[in-house]
Every structure is written in C-alpha cells, then in structure tokens.
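Asker: Under the numbering used here, think of the first position of the sequence shown as 1, with each following residue one higher. Ideal Cβ placement from N, Cα and C applies to all residues, glycine included. To start, I am sharing the structure in question, which I have written as structure tokens.
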Amino acid sequence: MDHDDSAAVGTLRDSATVHAVRREMARRAGPLLERLSRDPLGDPQTAAELQEYAQLMASERVAQGRAARTRLGAMVAGGDLP
1 MDHDDSAAVG TLRDSATVHA VRREMARRAG PLLERLSRDP LGDPQTAAEL
51 QEYAQLMASE RVAQGRAART RLGAMVAGGD LP
C-alpha cells in the first residue's frame, strides 16, 4: 500500500469514526433533550442520565471521534484530500 492509499484509508477510517460516534451520541442525547425541553428541572432519572451522558462525553470513544474530526477538518482546510 503506498502513501496515497494509506492516507485514503485513514481518511475513510476517520470519517467512519466521526459518523459512528455522532450516531451514538445523538441516540443518547435525543430522548434526553426531549425530556428536558418538556421539564427543564427534570427528575432523578433525568439527572442520572445527564451524569451518564457527561461520562460518555469524557470517554475515550468520544475523544477518538473528536480527534478524527480534527484530522478531517485540518485535511479539508489544508486541501490535502487523498
């Protein structure tokens, strides 16, 4: 595999990671935001889910998604598309 192929594979991997993490986060955030829009004070269950969501936001998986997003953004901004 030459450099261009390797860069393309990395780009595809980063793109897949970003999309997967965004889907995971949206799946958790959507219902939570819906409940909070109805009752911003929430209840104990909502508070517990917010804490779980905060832990997810601080997780390695989300950090990987952010790093992949940063690499993709830098590549696009620099015009270095494979």
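1) Is the Cβ-Cβ distance between V9 and G65 less than 8 angstroms?
2) Measuring only the C-alpha atoms, how far is T11 from R28?
3) Report the three-state DSSP secondary structure of A58 (helix, strand or coil).
4) Measure the Cβ-Cβ separation of D14 and L72 and say whether it is below 8 angstroms.
5) Would you mind stating whether L36 and G42 have Cβ atoms separated by less than 8 angstroms?
6) Distance, Cα to Cα, R69 vs A54?
7) If we ignore side chains and look at the alpha-carbon of each, how far apart do G78 and P44 end up?
8) What's the C-alpha gap between R23 and A63?
Answerer: Looking at the coordinates:
1) Stepping through the sequence shown from its first residue, residue 9 is reached at position 9. Stepping through the sequence shown from its first residue, residue 65 is reached at position 65. It is not a contact, given that the beta carbons lie outside the stated cut-off.
2) Reading the sequence shown from its first residue, position 11 is the one you call residue 11. Reading the sequence shown from its first residue, position 28 is the one you call residue 28. Near 26 angstroms, if we compare the C-alpha coordinates of R28 and T11.
3) By one-based count along the sequence shown, residue 58 stands at place 58. Three-state DSSP puts A58 in coil, outside helix and strand.
4) Looking up residue 14 in the sequence shown gives position 14. Looking up residue 72 in the sequence shown gives position 72. Yes; because the gap between Cβ atoms is below 8 angstroms, this pair is in contact.
5) Within the sequence shown, residue 36 is the residue found at index 36, counting from 1. Within the sequence shown, residue 42 is the residue found at index 42, counting from 1. Result yes, Cβ atoms of L36 and G42 sit closer than 8 angstroms.
6) On the sequence shown, position 69 is the one that residue 69 refers to. On the sequence shown, position 54 is the one that residue 54 refers to. It is roughly 19 angstroms from the alpha-carbon of R69 to the alpha-carbon of A54.
7) Sequence index remark: in the sequence shown, residue 78 carries index 78 (1-based). Sequence index remark: in the sequence shown, residue 44 carries index 44 (1-based). So the two alpha carbons sit approximately 47 angstroms from each other.
8) Taking the first residue of the sequence shown as 1, we reach residue 23 at position 23. Taking the first residue of the sequence shown as 1, we reach residue 63 at position 63. So the two alpha carbons sit approximately 15 angstroms from each other.
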